[in-house]
Every structure is written in C-alpha cells, then in structure tokens.
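Here is the structure we will look at, set down as structure tokens.
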Ligand code: NDP
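Residue numbers (the numbering used here): 8 to 310.
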C-alpha cells in the first residue's frame, strides 16, 4: 500500500481525503489518502518522512513552508512561491508543485472560455479537458477572457494572479489592505487597495471580463466590497467567480441579481485535486470519469 495525505492546520474540514479516496477506490489503486494536522512548530519534511508518504497535499498555513522543504520546484510553484502538492520521486527527492493555479484555469476552460496562451500553464492537457467541456454542454472558444479583477491578495489570489498573468490576461489585484503589495509588485502584477480601485484599471475600457472574489468575506456571509462598488463591476463582467463553494455566497447572489453569469469554487477544488492525483498516480487517465466521480460526491460533502 502507498500512503498519501493532506497537511494543514486546521484540517478537519478538508474534503481532500474524500475526493482522492473516491478515485483511488474506483480505480482499485493500492493507495490510501489521509489527513494530518501539523503543529506550526513541527517539521513538514520530517512528518512526511515519518509517515512514509509517497505524496501529499499541503494546505494553509504551510504552502510557503513546503517550498523550502522541496528538493526542487516546478517552474509555476517557484513563481507563485507556494506548493500545494509534494511528490516523492524514485530517488527519494521531494518535488513541489502548485495545482491550485492550473485548477483555476481549467475551471474557466470548462466554462468554454479561451484564455490567451493557456497552454503554457503547467499541468493543463487540453486533450483531457476537451471531452469534459463537451460533456458539460459548453462550446469552447465562443467567448474569451482578456482582463480580470481579483478581489483579495491572500494565498489563493497569489496563485490565481500568477496563473492569469501566464495566460496573458491583463490582471489587477485589489485588496482591503496593502500588506501583500510586495509580492505582486515583484511579479509585475498591478495591485491597489480597495480605496484606490476607482482610479485603477488595466485598460481604457474601465471594465473587467472576469471578477473574482478571492477574499474570505464569503465565509462570514459578507460582500468583499460595498454593493454600490460591486454592482457596476458585476454588471459589466462576463463571469463572476467566488472561490468559496457550498451555499451561494452574498457575492454569488448579487451576481444573480445583476444577471451576470457566475461560478463558485467547487470546480477549482475538484480540478486541483485531479491535477494532484495525476502527479501522485501518473497511470490515472480519463479525466472526464474522474471529474464525474468527484463532482457526484461533492454536494453531499460540501452541504
Ligand atoms: P487568505 O487568508 O490567504 O486571504 C484572505 C484574503 O481575504 C486577504 O486578502 C484578506 O485581506 C481578505 N479578506 C478577509 N476578510 C475580508 C473581508 N471581510 N472583506 C474583504 N476582504 C477580506 O485566504 P485564501 O486566499 O486561502 O482563501 C480565500 C477564499 O478562497 C476563501 O473563501 C477560501 O475558502 C477560498 N479558497 C477556495 C479554494 C478552492 O479550491 N475553491 C482554494 C483556496 C481557497 P487582508 O490581506 O487585508 O487580510
């Protein structure tokens, strides 16, 4: 038997063991996926070795620390500065990847959107996704995303901003505080605080194709910005995206009122898990079947 797990703190809420084990069982693979709460003073590398793992997912607050214990990083993980997937290779070296970023990009492709140069994103295989896009009844390439506004600047916003930047999408990050500014400035991604939002944009149109709520406001059932600021942004957007999943958030409900197409974070979670699983078990094929199994169990898990 091979062992996998997710490390985090807290970890009890994690859906990863359910999503991963559902596939490992369906494909009759000799792997078991667990979860492990890591104390912040514990060493992730030592815990990984002690548990005899062949791979792991890493969640808050250890994604940055995971970069340091990896022996090498994928170019995307290096650029983002965060690892959510560690794989032990045949020489016992730990390789760090970031599958949050491709998971997010794939979730947009699944909606049928084209994104500039999306094929440059690690881990995206259009041949695998094409049947899935078709299965979802979407027509790929009908609409494109050229510009994006990301609300929030925490871990997920960083991964998404880097992914969109690599796709060639003009992206602005806006946050309630300026504490993450250095990260984005170093990567030449425009950044502003919510107060400065009125006078910032990525082009002369004053609108964004994609509006992403990557703040944790939805967890406290609040909007990330005042309704009066959000409404015009939502009305002009092609897609409103809240990374939160489960019950519709205030951001999703406001998008509905504005008649704007909207999407929650379930597909991103599932698609990052599929990318990670394919790194753990490269023999796993048939992304549409894996997606269907995960999607099928998802509502009962996130209810
Ligand atoms: P972080 O804690 O790293 O960042 C939170 C961000 O939200 C910060 O920018 C913070 O601002 C801002 N923020 C917090 N509360 C509010 C508020 N009330 N109003 C406006 N801004 C606020 O979180 P993550 O980036 O990891 O997660 C963000 C969201 O994304 C969560 O809802 C999480 O559940 C979801 N998520 C979904 C994933 C998926 O696969 N679908 C994956 C990862 C996350 P400041 O910097 O000023 O503190």
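All C-beta atoms, glycine included, are put in the ideal place defined by N, C-alpha and C.
- Task: Give me whichever residues DSSP pairs with residue 44 in a beta bridge.
- Result: For the purposes of this step, residue 44 is identified with residue 37 of the chain shown, where counting begins at 1. Residue 44 is bridged to 15.
- Query: Do the CB positions of residue 19 and residue 304 come within less than 9 Å of each other?
  - Reply: The sequence position of residue 19 within the chain shown is 12, counting from 1. The sequence position of residue 304 within the chain shown is 297, counting from 1. Pairing residue 19 with residue 304 gives a Cβ-Cβ distance that is not under 9 Å.
- Item | 4-residue-minimum alpha helix (DSSP H) runs that sit fully inside the segment 213-252, ordered along the chain | 234-243, all fully within the segment 213-252.
- Query: Can we count residue 254 as close to the ligand SAM, meaning its CB is less than 8 Å from some heavy atom?
  - Reply: This structure simply doesn't include the ligand SAM; it includes the ligand NDP instead.
- Message: If the criterion is Cβ atoms closer than 9 Å, does the pair residue 244 and residue 222 meet it?
- Response: On the chain shown, position 237 is the one that residue 244 refers to. On the chain shown, position 215 is the one that residue 222 refers to. For residue 244 and residue 222, no; Cβs fall outside 9 Å.
- Message: Rounded to the nearest angstrom, what separates residue 260 and residue 253 at their Cα positions?
- Response: Here residue 260 refers to the residue found at position 253 when the chain shown is read from its first residue. Here residue 253 refers to the residue found at position 246 when the chain shown is read from its first residue. Rounded to the nearest angstrom, the gap between the Cα atoms of residue 260 and residue 253 is 13 Å.
- Cβ distance (whole Å) where residue 217 is taken to contact residue 179 below 8 Å: Residue numbering aside, residue 217 sits at position 210 when the chain shown is read from its first letter. Residue numbering aside, residue 179 sits at position 172 when the chain shown is read from its first letter. Not confirmed; about 11 Å, so no contact.
- Ends of the alpha helix (DSSP H) at residue 276? Position 269 of the chain shown, counted from the first residue, corresponds to residue 276. From DSSP, the alpha helix (DSSP H) with residue 276 extends over 273-287.
- Message: Given the structure, does residue 160 come close to the ligand NDP, in the sense that its CB is under 8 Å from one of the ligand's heavy atoms?
- Response: One-based indexing of the chain shown puts residue 160 at position 153. Yes.
- Message: On the criterion of 16 or more Cβ atoms from any shown chain inside 10 Å, does residue 50 qualify as buried, or is it exposed?
- Response: Here the question's residue 50 lines up with position 43 in the chain shown. Under this definition residue 50 is an exposed residue.
- Query: Cβ-heavy atom distance between residue 183 and the ligand NDP below 8 Å?
  - Reply: Sequence index remark: in the chain shown, residue 183 carries index 176 (1-based). In terms of side-chain proximity, the C-beta atom of residue 183 is found nearer than 8 Å to a non-hydrogen atom of the ligand NDP.
- Message: I believe residue 106 touches residue 282 by the beta-carbon criterion, under 8 Å. Please report the beta-carbon distance rounded to the nearest angstrom.
- Response: Walking along the chain shown from the start, residue 106 turns up at place 99. Walking along the chain shown from the start, residue 282 turns up at place 275. Their Cβ separation, rounded to whole angstroms, is 4 Å, which keeps residue 106 and residue 282 in contact under 8 Å.
- Message: Can you check whether the C-beta of residue 270 is within less than 9 Å of a C-beta belonging to chain D?
- Response: Here chain D cannot be found, since the structure has a single protein chain.
- Message: Pop quiz: residue 43 and residue 58 are said to be a contact at Cβ under 8 Å. What is the actual Cβ separation, rounded to whole angstroms?
- Response: Taking the first residue of the chain shown as position 1, residue 43 is located at position 36. Taking the first residue of the chain shown as position 1, residue 58 is located at position 51. With 8 Å as the limit, residue 43 and residue 58 qualify as a contact, their Cβ atoms being about 7 Å apart.
- Message: Measuring straight from C-alpha to C-alpha, what distance separates residue 164 and residue 144?
- Response: Position 157 of the chain shown, counting from 1, holds the residue named residue 164. Position 137 of the chain shown, counting from 1, holds the residue named residue 144. Each residue's alpha carbon lies about 29 Å from the other.
- Distance cut-off 8 Å: residue 272 Cβ against heavy atoms of the ligand NDP: Here residue 272 corresponds to residue number 265 of the chain shown, with the count starting at 1. Yes, since a heavy atom of the ligand NDP falls inside the 8 Å radius drawn around the Cβ of residue 272.
- Thinking just about the alpha-carbon of each residue, which of 152, 185 and 274 is nearest to the one in residue 306? Mapped onto the chain shown, residue 306 falls at position 299. Closest option to residue 306, judged by alpha-carbon separation, among 152, 185 and 274: 274.
- Message: By alpha-carbon positions, which one of 236, 92 and 190 ends up nearest to residue 203?
- Response: One-based indexing of the chain shown puts residue 203 at position 196. The shortest Cα separation from residue 203 among 236, 92 and 190 belongs to 236.
- Message: What residue range does the beta strand (DSSP E) around residue 81 cover?
- Response: As a first step, residue 81 is located in the chain shown; it is residue number 74 there, counting from the start. Membership of residue 81 in any beta strand (DSSP E) is not indicated, and neither H nor E is assigned to it by DSSP.
- Alpha carbon of residue 297 to alpha carbon of residue 199, nearest angstrom: Locating residue 297 in the chain shown gives position 290, counting from the first residue. Locating residue 199 in the chain shown gives position 192, counting from the first residue. Cα atoms of residue 297 and residue 199: separation of roughly 39 Å, rounded to the nearest angstrom.
- Message: In the DSSP assignment, the beta strand (DSSP E) including residue 63 goes from what residue to what residue?
- Response: Counted from its first residue, the chain shown places residue 63 at position 56. Looking at the DSSP string, the run of the beta strand (DSSP E) that includes residue 63 is 60-65.
- Message: Tell me the residue span of the beta strand (DSSP E) that contains residue 154.
- Response: Counting from 1 along the chain shown, the entry for residue 154 is found at position 147. Boundaries of the beta strand (DSSP E) harbouring residue 154: 154-158, taken from the DSSP string.
- Task: With DSSP as the reference, please indicate the residues paired to residue 102 in a beta bridge.
- Result: Residue numbering aside, residue 102 sits at position 95 when the chain shown is read from its first letter. In DSSP, residue 102 forms a bridge with 79 and 94.
- Work out the CA separation of residue 72 and residue 11 for me, nearest whole Å. One-based indexing of the chain shown puts residue 11 at position 4. One-based indexing of the chain shown puts residue 72 at position 65. Cα to Cα, residue 11 sits roughly 18 Å from residue 72.
- Task: Report the option in 85, 24 and 234 whose CA atom is closest to the CA atom of residue 264.
- Result: Locating residue 264 in the chain shown gives position 257, where the first residue counts as 1. Sorting 85, 24 and 234 by C-alpha distance to the C-alpha of residue 264 places 234 at the top.
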